Amino acid sequence: MKMKFSSDKEYPDLSKHNNHMAKVLTQAMYEKLRSKQTPSGFTLDDVIQTGVDNPGHPFIMTVGCVAGDEETYEVFKELLDPVIEDRHGGYKPSDKHKTDLNSDNLKGGDDLDPKYVLSTRVRTGRSVRGFCLPPHCSRGERRAVEELSIEALASLSGDLKGKYYALKDMTEAEQQQLIDDHFLFDKPVSPLLLSAGMGRDWPDARGIWHNDNKTFLVWVNEEDHLRVISMEKGGNMKEVFKRFCNGLTKIEELFKERKHPFMWNEHLGYVLTCPSNLGTGLRAGVHVKLPKISKNEEFEDILKKLRLQKRGTGGVDTAAEGGIFDISNADRLGFSEVELVQMVVDGVKLLVEMEKRLEKNKSIKDLIPAQK
Amino acid sequence: MPFGNTHNNFKLNYKVEEEYPNLSKHNNHMAKVLTKEIYGKLRDKQTPSGYTLDDVIQTGVDNPGHPFIMTVGCVAGDEESYEVFKDLLDPIISDRHGGYKPTDKHKTDLNFENLKGGDDLDPNYVLSSRVRTGRSIKGFTLPPHNSRGERRLIEKLSVEALTSLDGEFKGKYYPLKSMTDAEQEQLINDHFLFDKPVSPLLTCAGMARDWPDARGIWHNDNKTFLVWVNEEDHLRVISMQQGGNMREVFRRFCVGLQKIEEIFKKHNHGFMWNEHLGFILTCPSNLGTGLRGGVHVKLPKLSTHAKFEEILTRLRLQKRGTGGVDTASVGGVFDISNADRLGSSEVYQVQLVVDGVKLMVEMEKKLEKGESIDSMIPSQKILFLSFILFHVLLCWLVTSWAYLADVSITYFLLKKSNNN
Chain A
419 MKMKFSSDKE YPDLSKHNNH MAKVLTQAMY EKLRSKQTPS GFTLDDVIQT GVDNPGHPFI
479 MTVGCVAGDE ETYEVFKELL DPVIEDRHGG YKPSDKHKTD LNSDNLKGGD DLDPKYVLST
539 RVRTGRSVRG FCLPPHCSRG ERRAVEELSI EALASLSGDL KGKYYALKDM TEAEQQQLID
599 DHFLFDKPVS PLLLSAGMGR DWPDARGIWH NDNKTFLVWV NEEDHLRVIS MEKGGNMKEV
659 FKRFCNGLTK IEELFKERKH PFMWNEHLGY VLTCPSNLGT GLRAGVHVKL PKISKNEEFE
719 DILKKLRLQK RGTGGVDTAA EGGIFDISNA DRLGFSEVEL VQMVVDGVKL LVEMEKRLEK
779 NKSIKDLIPA QK
Chain B
-3 MPFGNTHNNF KLNYKVEEEY PNLSKHNNHM AKVLTKEIYG KLRDKQTPSG YTLDDVIQTG
57 VDNPGHPFIM TVGCVAGDEE SYEVFKDLLD PIISDRHGGY KPTDKHKTDL NFENLKGGDD
117 LDPNYVLSSR VRTGRSIKGF TLPPHNSRGE RRLIEKLSVE ALTSLDGEFK GKYYPLKSMT
177 DAEQEQLIND HFLFDKPVSP LLTCAGMARD WPDARGIWHN DNKTFLVWVN EEDHLRVISM
237 QQGGNMREVF RRFCVGLQKI EEIFKKHNHG FMWNEHLGFI LTCPSNLGTG LRGGVHVKLP
297 KLSTHAKFEE ILTRLRLQKR GTGGVDTASV GGVFDISNAD RLGSSEVYQV QLVVDGVKLM
357 VEMEKKLEKG ESIDSMIPSQ KILFLSFILF HVLLCWLVTS WAYLADVSIT YFLLKKSNNN
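Quick mapping for you: the protein sequence lines, in order, are chains A and B. Mapping of the first sequence onto the working numbering: position 66 corresponds to residue 484, and the numbering continues sequentially without gaps. Mapping of the second sequence onto the working numbering: position 330 corresponds to residue 326, and the numbering continues sequentially without gaps.
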């Protein structure tokens, strides 16, 4: 029925909005794209709904749009290419993205000072080709993704041997353990996710898999089909990244064998629900104590130069507590996995040095880096 | 709603059992009714505007149950939903509305003069009186499904209609998106302002999309007649005032509502109504009159009496907290209103409230004096239609069994006397 109305009557009111979608979506663009849909039926209004419903976020410039399937990035290029360019540092429609999951290529990373670096973590997302993404998938699709994932993960062995916990069958005891391990993900409460339809049918076909060592973890059907996480206490990023690459490559093989490879192309790299996670989808970070440097007036600028970003220790929507920050790579697309983790390793090493200098009341001027 | 899996073209590639929702932990009307068979039968259907079965049930799938109230668990996206998804909605309507059958007819009576009394509820107990209903405008889809263009046109038509009212109904419209802080503060103090829905019952059904675009509040200068535009229904019409003069509140309600309806009819956009379901609204629980007539009343003693719930049930009333449907009561003050919506008229439902509240206040007074209320406890009030049916059935049963008993005894006695 909405097509009966002229585009100016349907065009959303974005006057109070501050997100990437609102910056890019003109009325002319809306008019051009509003009659289109992907083969699975995802429309322009589907893409932008979350951005219309959520005008802006205090801590972070949100993207304001999501993909419902692999084809979204093609059918709605005119909207998504400028959003991608704006979000990913000028990445052009003709650029190619490089994937490098060979952890041997990482230099150092095994000696971050554990007195400052409390924990280390690398995560990424993967989408399974042949299914619609979480904003749009049906219950049948979601369940099929879960089934494939359980099969694939159950065949892992060695230090990757583990167990799957379906959210809907979890016992109280299992739930408490997963919370204590900081593994459990909850039904999304963020309106950014809910407005995009990612909370539908919760907790059907959602679950958590982790290895017996509790160092490798997979979330099934949360914001992406799969979220893969490698983590441990302390500062040995090299080890965390090695396990990450190993596990991920093994899982990818298993999915390929079952004729459902991961969504990937040479322009956008790994295709994920949120345009901000395209490319590597990788966020490598540490929880690090930086009470002094974080109060320094140059802190934001230093982070920017190092191509790092800060978050609170509760995740993307939170603030820092007690001088402990979550420091991670800011980029996702246009750099390889190895390059991004290298930036974190080198950058955090430098920040800890600066913190130590400030503790001794010495200057950090000579340490301030050039823009990467 | 126009997003989500509801228009996913691939879901029909999956078998029914793969798509059928897991309702094992659910407790709402939809979950009680929706079998795999019904799901299989209806899942490939859609209304002319494109509303699907998954759209209808999404809110019930996402919200397994509510502590205070048995939720419906489904919504309509347009007028045709009630027809296309009859197989699901008819049993739900029957369950929710006291056995209302697909062949039943609903009576509308907005003639306030037919109400008896209602102007003398004791203001020492009855703090405020309120009557609300909803109306849907023909030719548009409903809040779970409508587009921005539709919603804006509904707002435009509503504003036109409301600004043409005069006399006691002369008033002003406040669109949510351009409200000043001062206006907002005033509307909150008047208890008029509605906020962006936070209840997952509403947000999962897509009713908060594009907030606050095309939403607003209109009220008359006297602040006794209020219209919400594009919240859970196209229009919510509310008449209210402090104290217990329900008669006056209902008069203003009826008069104002009919004036508004006339104006919409003139523009060829009458209200959605049919003789089976009465007024068509988003939530199946509001079909019929869509009317909730209620009071905020102090019943600290009666509410702790063992038979309180039973009394309410017999009077066909329901209690809520003073914050609205999702809340608990505070300080012994309850929101008491009619439980029924469909199968009886507006006048009948408001009469139940007037008579029932009057009785409960008398009970409260008795309990204050330490006296018993056992003699005052009413018999079960029955919905008019089923009253007749019930009596007919009873008579037939009694007569049949009496006849059968009579014949048997006679035969036996005859036999006995023959044998002697």
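Backbone N, C-alpha and C define an ideal beta-carbon position, used for all residues, glycine too. Remember, predicted model here, so these are calculated numbers, not experimental data.
Are B:Met268 and B:Glu228 closer than 8 angstroms when you measure CB to CB?
In the second sequence, residue 268 of chain B corresponds to position 272, counting from 1. In the second sequence, residue 228 of chain B corresponds to position 232, counting from 1. Against a cut-off of 8 angstroms, the Cβ pair of B:Glu228 and B:Met268 comes out as no contact.
I'd like the ranges of any alpha helix (DSSP H) spanning at least 4 consecutive residues and lying wholly in the stretch 74 to 145 of chain B.
77 to 80, 82 to 92, all fully within the stretch 74 to 145 of chain B.
Listing by chain order, which chain A residues have their CB less than 7 angstroms from the CB of B:Glu3?
What you label residue 3 of chain B is simply residue 7 of the second sequence in a count that begins at 1. In the sequence under discussion, the amino acid at residue 3 of chain B is His, which differs from the Glu named in the question. Those within 7 angstroms of B:His3 in chain A are Gly459.
Helix, strand or coil for A:Ile413 per DSSP?
Past the edges of chain A, shown from 419 to 790, lies residue 413 of chain A, and the structure says nothing about it.
Give a yes or no on whether the minimum CB-CB distance between A:Cys550 and chain B is below 8 angstroms.
Translated into positions along the first sequence, residue 550 of chain A becomes position 132. It does; some Cβ of chain B falls within 8 angstroms.
For A:Lys422, does the three-state DSSP call read helix, strand or coil?
As a first step, residue 422 of chain A is located in the first sequence; it is residue number 4 there, counting from the start. Three-state result, A:Lys422: helix.
If contact is defined by three or more beta carbon pairs under 8 angstroms, each pair taking one atom from either stretch, is the stretch 539 to 551 of chain A in contact with the stretch 693 to 713 of chain A?
Yes, since at least three Cβ pairs between the stretch 693 to 713 of chain A and the stretch 539 to 551 of chain A fall closer than 8 angstroms, the two stretches touch.
Near A:Tyr429, what residues of its chain come up, given a Cβ to Cβ distance below 7 angstroms and the 5 sequence neighbours on each side ignored?
What you label residue 429 of chain A is simply residue 11 of the first sequence in a count that begins at 1. Excluding residues within five positions, the ones whose Cβ falls inside 7 angstroms are Gln445, Tyr448.
Can you find a CB in chain B that lies within less than 8 angstroms of the CB of A:Val470?
In the first sequence, residue 470 of chain A corresponds to position 52, counting from 1. It does: the Cβ of A:Val470 has a partner Cβ on chain B nearer than 8 angstroms.
Run the CB neighbour count on B:Arg232, radius 10 Å, all protein chains shown included, and call it buried at 16 or more, exposed below.
Working through the second sequence from its first residue, we reach residue 232 of chain B at position 236. B:Arg232 comes out buried.
Determine the direct distance from the alpha carbon of A:Phe549 to that of A:Ile647, and round the result to whole angstroms.
Numbered from its first residue, the first sequence carries residue 647 of chain A at position 229. Numbered from its first residue, the first sequence carries residue 549 of chain A at position 131. Cα to Cα, A:Ile647 sits roughly 22 angstroms from A:Phe549.
Would you mind sorting B:Glu156 into buried or exposed? The rule is 16 or more other CB atoms within 10 Å of its CB.
Position 160 of the second sequence, counting from 1, holds the residue named residue 156 of chain B. Exposed, by the Cβ-count rule.
Measure the alpha-carbon distance for A:Asp531 versus B:Ala201 and round it to whole angstroms.
Counting from one through the first sequence, the residue named residue 531 of chain A turns up at place 113. Counting from one through the second sequence, the residue named residue 201 of chain B turns up at place 205. Cα-Cα distance, rounded: 50 angstroms.
Is the distance from the Cβ of B:Ala335 to the Cβ of B:Arg310 below 8 angstroms?
Looking up residue 335 of chain B in the second sequence gives position 339. Looking up residue 310 of chain B in the second sequence gives position 314. Against a cut-off of 8 angstroms, the Cβ pair of B:Arg310 and B:Ala335 comes out as no contact.
Roughly how far, in whole angstroms, is the beta-carbon of B:Thr278 from the beta-carbon of B:Pro140, given that I think they are within contact range, below 8 angstroms?
Position 282 of the second sequence, counted from the first residue, corresponds to residue 278 of chain B. Position 144 of the second sequence, counted from the first residue, corresponds to residue 140 of chain B. Right, their Cβ atoms sit about 6 angstroms apart.
Determine the DSSP secondary structure at B:Trp207, reduced to helix, strand or coil.
The residue given as residue 207 of chain B occupies position 211 in the second sequence. Coil.
Alpha carbon to alpha carbon, what distance is there between B:Asp74 and B:Trp207?
Counting from one through the second sequence, the residue named residue 207 of chain B turns up at place 211. Counting from one through the second sequence, the residue named residue 74 of chain B turns up at place 78. Looking at the two C-alpha atoms, the distance is approximately 20 angstroms.
So, using beta-carbon positions, are A:Val638 and A:Glu564 closer together than 8 angstroms?
In the first sequence, counting from the first residue as 1, residue 638 of chain A sits at position 220. In the first sequence, counting from the first residue as 1, residue 564 of chain A sits at position 146. In this structure, A:Glu564 lies closer than 8 angstroms to A:Val638 by Cβ.
What are the start and end residues of each continuous alpha helix (DSSP H) run of 4 or more residues lying completely inside the stretch 178 to 258 of chain B, in chain order?
The stretch 178 to 258 of chain B contains these whole alpha helix (DSSP H) runs: 196 to 199.
Thinking just about the alpha-carbon of each residue, which of B:Ile213, B:Met236, B:Met242 is nearest to the one in B:His230?
As a working note, residue 230 of chain B is residue 234 in the second sequence. Per the Cα distances, B:Ile213.
Let me know the secondary structure DSSP gives B:Asp50 once reduced to three states.
Here residue 50 of chain B refers to the residue found at position 54 when the second sequence is read from its first residue. Of the three classes helix, strand and coil, the one that applies to B:Asp50 here is helix, per DSSP.
Look up A:Ala584 in the DSSP assignment and say whether it is helix, strand or coil.
The count along the first sequence starts at 1 and reaches residue 584 of chain A at position 166. Three-state DSSP puts A:Ala584 in a strand.
If you draw a straight line from the alpha carbon of A:Phe662 to that of A:Lys525, how long is it in whole angstroms?
Numbered from its first residue, the first sequence carries residue 662 of chain A at position 244. Numbered from its first residue, the first sequence carries residue 525 of chain A at position 107. Going from the Cα of A:Phe662 to the Cα of A:Lys525 covers about 16 angstroms.
Which same chain residues, not among the five before or five after A:Gln727, have their C-beta less than 7 angstroms away from its C-beta?
Counting from 1 along the first sequence, the entry for residue 727 of chain A is found at position 309. Same-chain partners within the cutoff: Leu721, Ser746, Ala748.
Considering just the uninterrupted stretch of the beta strand (DSSP E) at A:Ala702, what are its terminal residues?
Indexing the first sequence from 1 puts residue 702 of chain A at position 284. Counting along the chain, the beta strand (DSSP E) containing A:Ala702 begins and ends at 701 to 707.
Residues in the same chain with beta-carbon distance under 6 angstroms from A:Gly527, minus the five sequence neighbours each way, listed in chain order, please.
Within the first sequence, residue 527 of chain A is the residue found at index 109, counting from 1. Excluding sequence neighbours, A:Gly527 sits near Met655, Lys656, Val763.
To which residues of the same chain is B:Lys377 closer than 8 angstroms at the C-beta, ignoring the five residues directly before and after it?
The sequence position of residue 377 of chain B within the second sequence is 381, counting from 1. Within the same chain, B:Lys377 has close Cβ partners Arg310, Leu311, Arg312, Leu348.
Can you tell me the Cα-Cα spacing of A:Arg725 and A:Gly752, whole angstroms?
Indexing the first sequence from 1 puts residue 725 of chain A at position 307. Indexing the first sequence from 1 puts residue 752 of chain A at position 334. Computed Cα separation, rounded: 13 angstroms.
Cα-Cα, which of B:Ile53, B:Ser368, B:Gly61, B:Arg144 is closest to A:Asp431?
Within the first sequence, residue 431 of chain A is the residue found at index 13, counting from 1. For A:Asp431, the nearest C-alpha among the options comes from B:Arg144.
Leaving out five residues before and five after A:Asp471 in sequence, what residues of the same chain have Cβ atoms less than 8 angstroms from its Cβ?
Sequence index remark: in the first sequence, residue 471 of chain A carries index 53 (1-based). For A:Asp471, where only same-chain residues beyond five positions count, the Cβ hits under 8 angstroms are Pro609, Ser613.
Which residues does DSSP pair with B:Leu313 in a beta bridge?
For this step, residue 313 of chain B is matched to residue 317 along the second sequence. Paired residues: B:Asn334.
For B:Leu117 and B:Leu8, what's the separation of their Cα atoms in angstroms?
By 1-based counting over the second sequence, the position of residue 117 of chain B is 121. By 1-based counting over the second sequence, the position of residue 8 of chain B is 12. So the alpha carbons of these two residues sit roughly 58 angstroms apart.
So which residues of chain B does A:Asp619 contact, with C-beta pairs closer than 9 angstroms?
As a working note, residue 619 of chain A is residue 201 in the first sequence. In chain order: Asn1, Pro17, Asn18, Gln54, Val57, Asp58.
How would you write the range of the beta strand (DSSP E) that A:Thr538 sits in, first residue to last?
Working through the first sequence from its first residue, we reach residue 538 of chain A at position 120. Start and end: 535 to 544.
Does any CB atom of chain B fall closer than 8 angstroms to the CB of A:Lys533?
On the first sequence, residue 533 of chain A is found 115 positions in, with the first residue counted as 1. Taking Cβ atoms only, chain B never reaches closer than 8 angstroms to A:Lys533, which makes this a no.
Kindly list the residues whose CB is nearer than 8 angstroms to the CB of B:Asn1, restricted to its own chain and excluding five residues on each side of it in sequence; keep chain order.
Against the second sequence, residue 1 of chain B aligns to sequence position 5. Residue confidence is low: B:Asn1 scores 44 on pLDDT, short of 50, so the model does not pin down where it sits. Its coordinate-derived value is still stated next. Lys7, Asp50, listed in sequence order.
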